[in-house]
Amino acid sequence: MIYLQTLLGVLVFIGVGLSAGWVFREMLVFITSRNTGKFLRTAPLTACFGMLVIAIYIICAVFAPFIAPYGEADILSGGFEPWSSTYILGTDNLGRDVFTRLIYGARNTVGIAFLITALAFLFGTILGIFAALKGGIIDQAMSRLIDVLMAIPSLIFSLLMLTIFGTSVLSLVIIIATIDSTRVFRIARAVSLSIVQLDYVEAAKLRGESTSYLILREILPNAMAPLAAEFGLRFCFVFLMISALSFLGLGLQPPTADWGSMVRDNADLISFGDITPLIPAGAIALLTIAVNFVVDWLLHRASGLKD
Amino acid sequence: MPNIISMIIKRLGLGVLTLLLLSLLIFLSVEALPGDLAETILGQQATPETVAAIRKDLGLDQPPITRYLNWLGGVLQGDFGNSLALKKPISSLIAPRIQNTLFLTLYTAAIAVPLSIILGLAVSLFRNSYFDRITNTTALAAISMPEFFVGYIMIYFFALSGYFPSMANINANTPLLDKLYLCFLPALTLTLVVTAHMMRMTRAAIINVLALPYIEMARLKGAKPSRIIVRHALPNAIAPIVNVVALNLAYLITGVVIVEIVFVFPGLGQLMVDGVKFRDVPVVQATALIFASAYVGLNLLADIISTISNPRLMRQR
Numbered sequence: 012m013i014y015l016q017t018l019l020g021v022l023v024f025i026g027v028g029l030s031a032g033w034v035f036r037e038m039l040v041f042i043t044s045r046n047t048g049k050f051l052r053t054a055p056l057t058a059c060f061g062m063l064v065i066a067i068y069i070i071c072a073v074f075a076p077f078i079a080p081y082g083e084a085d086i087l088s089g090g091f092e093p094w095s096s097t098y099i100l101g102t103d104n105l106g107r108d109v110f111t112r113l114i115y116g117a118r119n120t121v122g123i124a125f126l127i128t129a130l131a132f133l134f135g136t137i138l139g140i141f142a143a144l145k146g147g148i149i150d151q152a153m154s155r156l157i158d159v160l161m162a163i164p165s166l167i168f169s170l171l172m173l174t175i176f177g178t179s180v181l182s183l184v185i186i187i188a189t190i191d192s193t194r195v196f197r198i199a200r201a202v203s204l205s206i207v208q209l210d211y212v213e214a215a216k217l218r219g220e221s222t223s224y225l226i227l228r229e230i231l232p233n234a235m236a237p238l239a240a241e242f243g244l245r246f247c248f249v250f251l252m253i254s255a256l257s258f259l260g261l262g263l264q265p266p267t268a269d270w271g272s273m274v275r276d277n278a279d280l281i282s283f284g285d286i287t288p289l290i291p292a293g294a295i296a297l298l299t300i301a302v303n304f305v306v307d308w309l310l311h312r313a314s315g316l317k318d
Numbered sequence: 010m011p012n013i014i015s016m017i018i019k020r021l022g023l024g025v026l027t028l029l030l031l032s033l034l035i036f037l038s039v040e041a042l043p044g045d046l047a048e049t050i051l052g053q054q055a056t057p058e059t060v061a062a063i064r065k066d067l068g069l070d071q072p073p074i075t076r077y078l079n080w081l082g083g084v085l086q087g088d089f090g091n092s093l094a095l096k097k098p099i100s101s102l103i104a105p106r107i108q109n110t111l112f113l114t115l116y117t118a119a120i121a122v123p124l125s126i127i128l129g130l131a132v133s134l135f136r137n138s139y140f141d142r143i144t145n146t147t148a149l150a151a152i153s154m155p156e157f158f159v160g161y162i163m164i165y166f167f168a169l170s171g172y173f174p175s176m177a178n179i180n181a182n183t184p185l186l187d188k189l190y191l192c193f194l195p196a197l198t199l200t201l202v203v204t205a206h207m208m209r210m211t212r213a214a215i216i217n218v219l220a221l222p223y224i225e226m227a228r229l230k231g232a233k234p235s236r237i238i239v240r241h242a243l244p245n246a247i248a249p250i251v252n253v254v255a256l257n258l259a260y261l262i263t264g265v266v267i268v269e270i271v272f273v274f275p276g277l278g279q280l281m282v283d284g285v286k287f288r289d290v291p292v293v294q295a296t297a298l299i300f301a302s303a304y305v306g307l308n309l310l311a312d313i314i315s316t317i318s319n320p321r322l323m324r325q326r
């Protein structure tokens, strides 16, 4: 019985999600200019659903204090209150409102994941393009070093680093940004290797432009498209990684609301048939699925245009 | 033939070099610790004399190079030093857990590999149909889910109804059948996560082969689609598929850490996470080295197999 119900629930969710995606697309087409509208019309419903979800998450993150009924770390009652009209999703092990923390989690978890991805891209792309531009021994030395760093699985590496530097938000940001910048380095280097050989880069070099000018003004703009898709994928990896670390109790530390640690704190409820801990986990899954759908569409477009 | 052997030796040499660099990195990262191990062990009781005594005991008074060589020598003989939190030799902690983790990984591989290859074949046979699209989208969604989400969903659906236990509490004396039963949910969770990856990559590998002219020839002479896939495309896609399998087994290594926590499974991943929590540096070093070696080894295997199966790759080097 429970399986049938769930199957029905999933089907209804997919149906509602796709129709909401369709409505969202029509809305976007209506309010944007003609050309953007044309472009948006090519998006499949999954991608529209993805964009809608991302938009909702951004709204939650930005307006968290206005949407959430209580304060982020307010202890309101005894632990594990059931779902009710006062506490929409009940309270957690310490008696904090789960719904409130879910909203604030959008701000903390997604915000930090975004910050880390941005940092990783900043360092990864600049160093990657630098290596491709300089070539020779500098390129070789940097690439081999990165190869060694990439030979360690990223979760294992971050666990090792967290042991050494301790678990604080700062060390979390620095460690994961460093690990991920190695992956970005590889992509950025590969993309810019072909750009570096083009005539206009040669011309800029002959003009005597500085290295930073070459990287930022000549190469980066032309490597933007593949890097943008990579940004979405990287964001998913980073987001899943900090959620996993938080779930292990090594990521964002309390009382900061965070989805990974919310799952861990309330995991015991599962054994009593209460699905509350699945909700923050589902929030993580939903966002990564949404981003992946959008990236999938963009990648598909990019490869289609090439043919 | 000598070509192949020299290639394998070259790759193995490169792999060993990577492992050496890794061990150096893991060793050095602990050097960067603020304070030193002796003070960490003693904590509040640290007086200059006791610190000096422990430093001598652990060999911390020697230069880093000597210590690195000693540590590496010990590791090669299976001696990882002592755990700080549990005051026991790490090798005795690791031995049973490594078996459990290996068991779980192989169990998962035994389900996931055949399943994902069959699914990948089916999907590429019916590519661009609704079946293909739905499977692909589902796989994309499955890849995006955190392992613990899948794990708890499994618990919610299969453990609460009493079909399978939610805790995989096994030890060396558990009979094999019981082990298979107890570990079913963790293995299923890992399978779901890995199958999606493997299926997508298998599909991509076969579709790549399907774009080649000889497949078009087969199609023109009127061969059935199923025959084209199985007889013509599959033999040439085996190399990339084996590559995919090895890469995903390497991926399993990280997934196993989270799943072990969800199902309270006494494996290596749990040992590592506990080590990180108590800042038990030698334990973390040892487990990180084991995980990293397995990862490097599997990647190396994938590399060697794909090179052997595609002689063109060998010419370039």
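Quick mapping for you: the protein sequence lines, in order, are chains Z and A.
The first sequence runs 12 to 318 under this note's numbering.
The second sequence runs 10 to 326 under this note's numbering.
For every residue, glycine included, the Cβ atom is placed at its ideal position computed from N, Cα and C.
Among the residues of its own chain, which have a CB less than 7 Å from the CB of residue 59 of chain Z, if the five just before and after it don't count? 32, 33, 35 and 36
Shorter than 9 Å from the beta carbon of residue 212 of chain A to some beta carbon of chain Z? no
Out of Z:201, Z:158, Z:66 and Z:110, point me to the one whose CA is closest to residue 137 of chain Z's CA. Z:201
Leaving aside the five residues before and after residue 188 of chain Z along the sequence, list all residues of the same chain whose C-beta is less than 6 Å from its C-beta, in chain order. 127, 130 and 131
Under 8 Å (Cβ pairs) to chain Z, residues found in the region 81 to 107 of chain A: none
In chain A, what lies closer than 7 Å to residue 154 of chain Z by C-beta? What residue 154 of chain Z touches in chain A: nothing, since even the nearest Cβ is about 13 Å away.
Here's a check: name, in chain order, each residue in its chain whose Cβ is nearer than 7 Å to the Cβ of residue 121 of chain A, leaving out the five neighbours to either side. 200, 203, 204 and 207
My understanding is that residue 155 of chain A touches residue 254 of chain Z, with C-beta atoms under 8 Å, so please give their C-beta distance in whole angstroms. 5 Å
Compare the Cα-Cα distances from residue 172 of chain A to each of A:14, A:192, A:82 and A:84 and report the closest residue. A:192
Going along chain Z in order, which residues have a C-beta closer than 9 Å to the C-beta of residue 169 of chain A? 13, 281, 282, 283 and 284
Hey, residue 212 of chain Z and residue 225 of chain Z: beta-carbon distance below 9 Å or not? yes
If we ignore side chains and look at the alpha-carbon of each, how far apart do residue 120 of chain Z and residue 167 of chain Z end up? 21 Å
Inter-residue spacing [alpha-carbon to alpha-carbon] between residue 308 of chain Z and residue 145 of chain A: 13 Å
Under 8 Å between beta-carbons, which chain Z residues line up against residue 304 of chain A? List them in chain order, please. 162, 163, 164 and 167
Using a Cβ-Cβ distance cut-off of 9 Å, determine whether residue 153 of chain A contacts chain Z. yes
Can you give me the start and stop residues for the alpha helix (DSSP H) that residue 83 of chain A sits inside? 73 to 85
Contact set between residue 77 of chain A and chain Z, taken where Cβ atoms lie within less than 9 Å: The contacting residues do not exist; residue 77 of chain A stays about 16 Å from chain Z at best.
Here's the rule I'm using: 16 or more other beta-carbon atoms within 10 Å means buried, otherwise exposed. How should residue 311 of chain Z be labelled? exposed
Given that residue 284 of chain A touches chain Z, what residues does it touch there, using C-beta distances under 9 Å? 170 and 174
Roughly how many whole angstroms lie between the Cα atoms of residue 272 of chain A and residue 60 of chain A? 40 Å
Beta-carbon proximity of residue 250 of chain Z to residue 290 of chain Z, cut-off 9 Å: no
Which residues in the same chain have their Cβ closer than 7 Å to the Cβ of residue 246 of chain A, if we skip the five residues on either side of it in sequence? 214, 215 and 218
Contact set for residue 257 of chain A: own chain, Cβ-Cβ below 6 Å, skip 5 residues either direction: 203, 206 and 207
Relative to the C-alpha of residue 215 of chain Z, which residue among Z:229, Z:205 and Z:12 is closest? Z:229
Residue closest to residue 194 of chain Z, alpha-carbon to alpha-carbon, out of Z:244, Z:281 and Z:19: Z:244
Of all the residues that make up the region 123 to 157 of chain A, which are near chain Z by a beta-carbon distance shorter than 8 Å? 146, 149, 150, 152, 153, 154, 155, 156 and 157
Chain A contacts made by the region 92 to 125 of chain Z, where a contact means CB separation under 8 Å: none
Can you check which of these residues, A:250, A:296 and A:238, is closest to residue 311 of chain A by C-alpha distance? A:250
Please confirm whether residue 118 of chain Z and residue 273 of chain Z have their CB atoms less than 9 Å apart. no
Answer yes or no: does any C-beta atom of chain Z fall closer than 9 Å to that of residue 272 of chain A? no
Locate the alpha helix (DSSP H) running through residue 183 of chain A, then write down its first and last residues. No alpha helix (DSSP H) holds residue 183 of chain A; DSSP gives it neither H nor E.
Name the residues in the region 248 to 269 of chain A whose C-beta lies less than 9 Å from a C-beta of chain Z; which are they? 259, 260, 262, 263, 264, 266 and 267
Could you tell me which chain Z residues have their CB closer than 7 Å to the CB of residue 300 of chain A, listed as they occur along the chain? 164 and 167
Would you mind listing the beta strand (DSSP E) stretches within the region 91 to 133 of chain Z that are 3+ residues and don't spill past its ends, in chain order? none
For residue 305 of chain Z, which residues of its own chain have a beta-carbon under 8 Å away from its beta-carbon, when the five flanking residues on both sides are left out? 58, 61, 62, 65 and 243
Rounded to whole angstroms, what's the CA-CA distance from residue 19 of chain Z to residue 25 of chain Z? Just pull it up for me. 10 Å
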